[in-house]
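Start counting the sequence shown at 90; every next residue gets the next number (my numbering).
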Amino acid sequence: MEAEQTPLWAKIIDQSRCIGCHACTTACKSENEVPLSVTRTYVKSVDVGTFPQARRAFQVTRCNQCESAPCVTACPTSAMYRRPDGIVDFDKSVCIGCKACMAACPYDAIFINPEDHSAEKCNFCAHRLDVGLEPACVVVCPVEALLVGDMRDPTSKVGRMIGREALAVRRPEKATRPKVFYKGAHQATLDPLAARRPDGGLYAWNEQPKGRNEIGSGQPARWNSSAAALLSYDVSHTAPWDWRVSLYTWTKSIAAGSCLVALLLAALGGGSWSGALWTVVAPLVSLIFLGFTGVVLIVDLEHPERFYLIFARPQWRSWLVRGAFIISAYGAVLTIHLIASLSGRGAITPWLAFAGVPLAVGTAAYTGYLFAQAKARDLWQNPLLPPHLVVQALIAGAAALLPFVPVFEARAWQGTLIVLGIATLSHLMFVAAEVSLAHMTAHAQAAMRTMTHGRYAGMFWASLVCAALAAIACISPVPRLAFVAVPLALAALFLYEHAYVQAGQSVPLA
90 MEAEQTPLWA KIIDQSRCIG CHACTTACKS ENEVPLSVTR TYVKSVDVGT
140 FPQARRAFQV TRCNQCESAP CVTACPTSAM YRRPDGIVDF DKSVCIGCKA
190 CMAACPYDAI FINPEDHSAE KCNFCAHRLD VGLEPACVVV CPVEALLVGD
240 MRDPTSKVGR MIGREALAVR RPEKATRPKV FYKGAHQATL DPLAARRPDG
290 GLYAWNEQPK GRNEIGSGQP ARWNSSAAAL LSYDVSHTAP WDWRVSLYTW
340 TKSIAAGSCL VALLLAALGG GSWSGALWTV VAPLVSLIFL GFTGVVLIVD
390 LEHPERFYLI FARPQWRSWL VRGAFIISAY GAVLTIHLIA SLSGRGAITP
440 WLAFAGVPLA VGTAAYTGYL FAQAKARDLW QNPLLPPHLV VQALIAGAAA
490 LLPFVPVFEA RAWQGTLIVL GIATLSHLMF VAAEVSLAHM TAHAQAAMRT
540 MTHGRYAGMF WASLVCAALA AIACISPVPR LAFVAVPLAL AALFLYEHAY
590 VQAGQSVPLA
């Protein structure tokens, strides 16, 4: 006898049948004990057309059970995983609450459960499918708009429909190969930017949230790509990463850049291999800010007590895991460097540069690859981001070291100013390229618009002014004026990072 083939579960949502009764939402909450304020599934509605020829189009919105699931790749502990039957499931016992899966999901389908603080989403009611029952939403739908079945089985209704009927998926350009298919869905519901948000702060049955991290609130009408489509019902969507991520990129830049700048000065003759700047000050500053970085990262977790799982059960495709190991290795080299210098064995420190340089560069740059794993966020899919982060590290490192130079190694003063000035100008060039080059998707364009002319424009332009003034201060003939470059450069970096991180998350995905 042939071995029974593992099913490949898929769901078809027939929007030509859906009446928008929200029975699926209610059944899902009851079956899976989903708390208030969050949903595994909900029914989005869009009013299409103008009176007297107008209608309400519905879209049942949920996890798409992707074959190439970005959340699985991004999760550092395999708390999000794909089963052999195609269901993307989750294990709350090993979730650390880093929200990387939320940032990665192009469909905004994952949330943090406010009661147990772990990531959660629709999993096709896997516990029911495993015992031969249909998902709760399928059972309660009064018009049979929801179908679940094995898409490998050509005799099943789902298998026949996938092979023969015109079906659509959400955001096919993300190449995630979803297993949730829509029949008869209006494009104004499938495209998260198609419908404008209502004026006055009211949906059909609820008030629009106005939280600071609310995605899409205050969305400009120009984002609307449909001639006459009004979003009439939606649920709250908040940005997963807040100011703590911006702070972590800032402290990490100082940690990586301090040793890079001291090494650069020593190698080019602007400093000395035996001077205090390279042997003690730079590694000490780097270690202090690397410690701050670790604290910020752990505090940002929903389950900070589980942070050790990143090392105990690493999922190596995740750049959060790779970054954690890079930072740890960099911290170990810095510690050896500092101990060797303080114990009179400073002669070995130039040799430590062979390990320290790639680790410092990796510490600065890996966040660019971490952001790139957030496939939901088109603004972050920028190949220039890793080298830009290295340049930002040089700015932060030079600014952090500059106050110590007159005290510990005066000969490095001019070199430190040159590094700070050139790195700051390079940063402004990277920003100019980011703003002026064409952004290929509507999501990237909308995010950039939000950063330069929307909610975060004040931070963005203030960062550029601070950076320009810092560059001018570096070439000033007045030595004391050069110290002004320190707060200006550090403020410019934090303001830019925060505007960039938040603007990247500002575009609606669902």
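Where a beta carbon is used, it is the ideal one built from N, C-alpha and C, also for glycine. All values reported here derive from a predicted model rather than from experimental measurement.
Take residue i as the anchor and find which of the options has the nearest alpha-carbon.
i: L236; options: D103, V596, I484; result: D103
i: L386; options: G364, K341, V374, D180; result: K341
i: T513; options: A581, M529, L222; result: A581
i: A146; options: P165, C164, R106; result: R106
i: A355; options: L366, A345, R266; result: L366
i: R172; options: P165, T150, D219, L282; result: D219
i: N121; options: S430, I511, R217; result: R217
i: P287; options: L558, R333, A234, L320; result: L320
i: M548; options: E586, A533, A535, A559; result: E586
i: R241; options: G175, S167, L570, I201; result: G175
i: V374; options: H326, F493, L291; result: F493
i: L474; options: S595, L398, E394, T338; result: T338
i: A225; options: A465, V567, T115; result: T115
i: L423; options: E209, R406, N471, P447; result: P447
i: R395; options: I101, A168, V161, A99; result: A168
i: A208; options: F179, H477, R249, V384; result: F179
i: W405; options: L390, Y419, L459; result: L459
i: D331; options: V596, A234, Q591; result: Q591
i: G364; options: V496, L478, A444, A318; result: V496
i: K118; options: T368, A533, F213; result: F213
i: A421; options: A546, P472, L376; result: L376
i: T382; options: F572, H532, V334; result: V334
Would residue i pass as a contact of residue j if the rule is Cβ separation under 8 Å?
i: C211; j: C152; result: yes
i: H516; j: H392; result: no
i: P159; j: C187; result: no
i: D467; j: T539; result: no
i: C184; j: C113; result: no
i: V508; j: L353; result: yes
i: Q641; j: A274; result: Because the chain in this structure spans residues 90 to 599, residue 641 falls outside the shown range and cannot be described.
i: F378; j: I425; result: no
i: Y322; j: A293; result: yes
i: V135; j: A351; result: no
i: A588; j: S565; result: no
i: A198; j: Q462; result: no
i: R500; j: G360; result: yes
i: P203; j: V123; result: no
i: A257; j: S157; result: no
i: L598; j: L577; result: no
i: V137; j: C155; result: no
i: L349; j: A429; result: no
i: C563; j: L490; result: no
i: I399; j: T166; result: yes
i: P281; j: A192; result: no
i: A560; j: G593; result: no
i: V227; j: D239; result: no
i: A442; j: K268; result: no
i: A614; j: A436; result: With the chain covering only 90 through 599, there is no way to say anything about residue 614.
i: L409; j: P372; result: no
i: T368; j: T438; result: yes
i: R260; j: Y196; result: yes
I'd like to confirm the pairing. Which residues does DSSP put opposite residue i in its beta bridges?
i: L431; result: The partner list for L431 (beta bridge, DSSP) is empty, contrary to what the question assumes.
i: F270; result: I101
i: R466; result: R466 pairs with nothing; no bridge assigned.
i: K133; result: Q148
i: R285; result: L319
i: P257; result: A small fix is needed here, since residue 257 is Ala in this sequence, not Pro. The partner list for A257 (beta bridge, DSSP) reads Y271.
i: T139; result: Q142
i: V590; result: In the DSSP output, where bridge partners are listed per residue, V590 has none listed.
i: D239; result: W98
Are the C-beta of residue i and some C-beta of chain C separated by less than 8 Å?
i: V596; result: The displayed structure is made up of one protein chain only, and chain C is not part of it.
Check whether the segment 441–461 touches the segment 413–427, counting contact only when three or more Cβ pairs, one atom from each stretch, lie closer than 8 Å.
yes
Can you check the segment 142–212 for any beta strand (DSSP E) of at least 3 residues that lies completely inside it and give the ranges in chain order?
142–150, 169–171, 177–179
Please list the segments of the beta strand (DSSP E) lying wholly inside the segment 336–394, counting only runs of 3 or more residues, in order along the chain.
none
Pair every Cβ in the segment 120–137 with every Cβ in the segment 93–101, then say whether three or more of these pairs are closer than 8 Å.
no
Taking one C-beta from the segment 572–586 and one from the segment 483–498 each time, how about it: are there three or more such pairs within less than 8 Å?
yes
Contiguous beta strand (DSSP E) assignments of at least 3 residues, all confined to the segment 471–557
none
Curious, which full-length alpha helix (DSSP H) runs of at least 4 residues does the segment 396–427 contain?
398–401
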